[in-house]
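Down below is the structure, laid out as structure tokens.
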Amino acid sequence: MEFSSASVNKLSLKEFEVVNTSSYDFTGHAPGVAGNKVDPNQYKINIIKQEDLFLEFDLIGCEPSIANALRRLILSDVPTMAIEKVHIYQNTSVMQDEVLAHRLGLIPLKVDPRKFKYKEKGAPDEGTEEDTLEYSLKVKCKNKQGAGPEADSYIDDKIYTKHIQWIPKGNQEVDIGEAGPVEDDILINKLRPGHEMAMKMFAVKGQGRDHAKFSPVATVFYRLLPTINLVKDVYDQDAIRLQKCFSPGVMELEPTKNGRKKAVIIDPRDDACNRNVYRYPELADCVELGKVKDHFIFNVESTGALPPTDLVPMALDILIEKCDTFLKEIDMTNT
Amino acid sequence: MSSLLPPDKDGGNRLSVLEGDTSSGEECRTYVFRKENHTLGNCLRTMLLKNPQVQFAGYTIPHPSEDVMHLRIQTVEGYPAQSALRKAFVDLKTHASQLKTKFVTAVDNFEKEGS
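Residue numbers (my numbering), protein chains in the order written: chain A, 1 to 335; chain B, 336 to 450.
This is the structure in structure tokens:
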């Protein structure tokens, strides 16, 4: 096993194993900063892409436990509003009441949960303006006047989220503005003439750990930055084969002075780390594959309630709040 | 702005100590956390392992059906396990605040560059 200053930071992807993964899981070996001081420039964050509901950013210099905690917090602890109670007055459609209620709960709502309080256990369904949002869905399917039995001859046969109406309580219209579903074209149910749906829905604040409908993200995941090290020069046919082993854009062929083509690494970031190189024994010893242990590439995709650039600070706020709660308890038992 | 975490409906303390250690001194303790899991446990363990006065730090979730986490701390002579735990929380809070400021600055810079 080679020890070099480079290997401290990198884990190696060998053919049948991954080595050098542990990050000092034992005491007395804390690398870098001494236990007492926290280096203010330890972390580096670079935003790579930010579009609408997608966010890709790099978190460098972080411990894997903190990166994972951030991922777990966004997934299950950052709150959202979602429909929880459905009062069904009329449902003659083909879909059962409970299935319909389940689908309504999964609809993402474009509301900022920070403006609301958690509802108390045992409080009535209707709730107050501070902890509940009320919606109504009232549709009846009819035949189009003078139309035959072909398709497209019904009115209101496909029920979308645009049919859901928000009924503001108290001051909500002023304080919150709009509180409808994020997308207008989510299909809820299909009806035929004579079917009718009439119901009232109540949305509350909840966390993803309680039910996945409350999770603010479609998903959030991270991966480590791959590294590829060319140990030997590779030319011509071998270089073409080597290039095909990696994802597109990772390796390119550059012409040399002799007229040959040489394999050159452009950007290992996009590599999918499929270790295809090991399928060709003659190419396997030309490259060294690895990953940088403290460089996390995060991907956050929000469902629409909150922008992804708000989710990360909220998750860190929750972590800080947890620390504060326990610090208070420790100090109380001391005094 | 209301708190991001839901209020604790069961009341009582979220943190308690497993019995049996007090006779051996202040340097070893198993702390019992209610309603916590790997999110906090792994972070605390990492912060504790960075402390040179901690001899042993590990966490476990005894059973997945119960929302309980145990954190075992053993320290050098003269340094109480509770101080190590307190320091771990303070360090974790500092790291989280730093991450937050770095992230918010990075977002601001990115938006300024774009416009």
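Ideal Cβ positions, reconstructed from N, Cα and C, are used throughout, including at glycine.
Within 7 angstroms of the CB of isoleucine 45/A, the CB atoms of chain B belong to Lys437, Phe438, Ala441, in sequence order along the chain.
Sorting Lys115/A, Ile159/A, Glu126/A, Asp125/A by C-alpha distance to the C-alpha of glutamine 172/A places Lys115/A at the top.
Fewer than three beta-carbon pairs drawn from the stretch 93-103 of chain A and the stretch 123-133 of chain A are found closer than 8 angstroms, and the two stretches are therefore not classed as touching.
Beta-bridge partners of leucine 406/B (DSSP): Tyr366/B, Tyr394/B.
Closest option to isoleucine 88/A, judged by alpha-carbon separation, among Glu56/A, Val139/A, Ala198/A: Ala198/A. Judged by DSSP in its simplified three-state form, glutamate 51/A adopts strand. When DSSP states are grouped into helix, strand and coil, tyrosine 235/A belongs to the strand group. Residues of the stretch 300-317 of chain A with a C-beta atom less than 7 angstroms from some C-beta of chain B are Thr309, Val312, Pro313, Met314, Leu316, Asp317, listed in chain order. Counting of Cβ neighbours within 10 angstroms places leucine 187/A among the exposed residues, the total staying below 16. For the pair of segments examined, the stretch 190-204 of chain A was found to touch the stretch 154-167 of chain A: the number of CB pairs separated by less than 8 angstroms reaches three. Taking one beta carbon from each stretch, the stretch 438-450 of chain B and the stretch 396-411 of chain B have fewer than 3 pairs nearer than 8 angstroms; the two do not touch. Rounded to the nearest whole angstrom, the CA to CA distance from glycine 177/A to lysine 169/A is 12 angstroms. Taking 7 angstroms as the upper bound on Cβ-Cβ separation, chain B lies near no residue of the stretch 228-243 of chain A. DSSP places aspartate 294/A in the uninterrupted beta strand (DSSP E) bounded by 287-302.
Taking 7 angstroms as the threshold, the shortest C-beta distance from lysine 322/A to chain B falls below it. For alanine 419/B, the nearest beta carbon of chain A is not closer than 7 angstroms to its own beta carbon. Among the bridge pairs identified by DSSP, phenylalanine 57/A is matched with Ile47/A, Phe298/A. Counting along the chain, no alpha helix (DSSP H) covers leucine 225/A; the unbroken beta strand (DSSP E) around it starts and ends at 217-230. Identification of residues in the stretch 103-124 of chain A having a C-beta nearer than 9 angstroms to some C-beta of chain B yields Pro113, Arg114, Lys115, Phe116, Lys117, Tyr118, Glu120, Lys121, given in sequence order. For glutamine 165/A, there is no enclosing alpha helix (DSSP H); the residue is part of the beta strand (DSSP E) that begins and ends at 165-167. The beta carbon of alanine 123/A is closer than 8 angstroms to those of Asp131 in its chain, skipping five residues each way along the sequence.
In the structure shown, the three-state DSSP call for isoleucine 83/A is strand.
Here the C-alpha atom of alanine 203/A lies approximately 16 angstroms from the C-alpha atom of glycine 304/A. Considering only Lys138/A, Tyr160/A, Leu289/A, Leu311/A, the residue with the shortest C-alpha distance to aspartate 184/A is Tyr160/A.
The closest CA to that of glutamine 243/A, considering only Leu225/A, Ile320/A, Gly259/A, Asn276/A, is found on Asn276/A. Interface residue (Cβ-Cβ distance to chain A less than 7 angstroms): lysine 344/B is classified as such. Setting aside the 5 residues that flank it on each side, lysine 328/A has no residue in the same chain whose C-beta is closer than 7 angstroms to its C-beta.
Under DSSP, tyrosine 160/A shares a beta bridge with Leu187/A. In the structure shown, the three-state DSSP call for phenylalanine 202/A is strand. By the Cβ rule, the stretch 353-371 of chain B does not count as touching the stretch 56-70 of chain A, because fewer than three pairs are nearer than 8 angstroms. Taking the CA atoms as reference points, phenylalanine 298/A sits about 42 angstroms from lysine 138/A. Linking serine 358/B to isoleucine 396/B through their CA atoms gives a straight-line distance of about 25 angstroms.
For proline 181/A, the three-state secondary structure derived from DSSP is strand. Of the candidates Val182/A, Gly206/A, Phe246/A, Val312/A, Phe246/A places its Cα closest to the Cα of valine 287/A. DSSP, read as helix, strand or coil, puts glutamine 96/A in coil. For histidine 295/A, the number of other beta carbons within 10 angstroms of its own is at least 16, and it is reported as buried.
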